[in-house]
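**Student:**
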Amino acid sequence: MNIKELLLKGSSFSELLKQFSIDAEDIRIQDEEMILSDRNLQNQDIVKESICIEGKNKQGIINFFGTLHCNLMERLAVFEMQGFERISQVC
18 MNIKELLLKG
28 SSFSELLKQF
38 SIDAEDIRIQ
48 DEEMILSDRN
58 LQNQDIVKES
68 ICIEGKNKQG
78 IINFFGTLHC
88 NLMERLAVFE
98 MQGFERISQV
108 C
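Convert by adding 17 to the 1-based position in the sequence shown; the result is the number in this note's numbering.
1. Which same chain residues, not among the five before or five after Gln99, have their C-beta less than 6 angstroms away from its C-beta?
2. Taking DSSP's pairing of strands, which residues face Arg103 in a bridge?
3. In angstroms with no decimal places, state the Cα-to-Cα distance between Leu93 and Ile39.
4. Could you have a look at Phe96 and say whether DSSP puts it in helix, strand or coil?
5. Assign Gly72 to buried or exposed, taking buried as 16 or more other Cβ atoms, counted over all protein chains shown, within 10 Å of its Cβ.
6. Could you give the C-beta distance for Ile79 and Phe101, rounded to a whole number, given that I count them as a contact under 8 angstroms?
7. Determine the DSSP secondary structure at Leu89, reduced to helix, strand or coil.
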C-alpha cells in the first residue's frame, strides 16, 4: 500500500495539487514508511494520522499540513488540509 497512490485515486487531492501547480510525481509524504510500519495498523481498518506532504513546483516547495484519513480495507484515503507553507526557491 502506498499512501500517495491512495490519495491520487480521489479527485479532491488531485485538485489540490492542480491549484498549486504541483505534479503528482513531485510530492513526498513525510514519514510515510513510519506510518505504514506501525504495528497497530494491522488491527485497524481506518487510520487517522497527522501528516505533512511536501510538494515541489517551479516557484519552490510547498508543505501541506493536515490529517490523513485512510480506510485500509477499502483502499481509500482522504487528506484534510489544515494549512500550508510556501518556501520560495532561491536562484
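A virtual CB, placed ideally from N, CA and C, is assigned to each residue, including glycine.
**Tutor:** Result, derived from the coordinates:
1. Phe82, Gly83
2. Ile79
3. 21 angstroms
4. strand
5. buried
6. 6 angstroms
7. coil
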